[in-house]
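Please read the structure below before turning to the comments.
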Amino acid sequence: MLEKSFIEVYDKFKFQFYRKIFEKVKERDGSLSAMEGFSLEIIHALGEPTVGQFADFLKISQSNATYKVNSLIRKGYLVRQNSTTDRREYHLVLSEKYYSYAELLTSYERTVVQRMKERFSPEDAEKFDELLTVISRELMPECDEA
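Each residue of the sequence shown is one higher than the last, beginning at 0 in numbering that gives the first Met the number 0.
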């Protein structure tokens, strides 16, 4: 029962996310591809990674990662920012254009959380928050390797 319910909720979030990505993806010059949308989400999750960290996380070559990054920079979704500790290294910083795009993708999560607050008691919501924290920090260690 738990497995089925968990997968159902996970799939709904995933499918809503995919729907939003494809809604935003238009087949015209300068638009994001779905793969670029996913790449931006990964860069966001990694928190200003270097190209090498991005490549390592995805287990792709540095040249492949550089190609993806350069495309996102050209389209205005990323900027390179020199490292404060090593001027030869730069970090990938999401631009304002990305945050405008991301706002559309995260609105559904906020809607569901608001509905949860309305539907569940504060105690139940707090317990659910505790459970999610344990799941994220303890039961999903593979997702923390950045």
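C-beta atoms are modelled at their ideal positions from N, C-alpha and C, and glycine is treated no differently.
Within this structure, are the beta carbons of residue 92 and residue 78 separated by less than 7 Å?
-> yes
Does the beta-carbon distance from residue 20 to residue 46 come in below 7 Å?
-> no
Just the C-alpha distance for residue 145 and residue 113, rounded to the nearest angstrom, thanks.
-> Caution applies to residue 145, whose pLDDT of 49 falls short of 50 and renders its modelled position unreliable; the model cannot decide the point.
Residues bridged to residue 79 [DSSP beta-bridge criterion] = 91
For residue 4, verify whether its CB is less than 6 Å away from any heavy atom of the ligand ZN.
-> By its list of ligands, the structure shown contains no ligand whatsoever, and the ligand ZN lies outside what it can speak to.
Who are the Cβ neighbours of residue 139 in its own chain at under 6 Å, not counting the five residues just before and after it?
-> none
Is the CB-CB distance between residue 96 and residue 66 below 7 Å?
-> no
In whole angstroms, what is the alpha-carbon distance linking residue 115 and residue 33?
-> 30 Å
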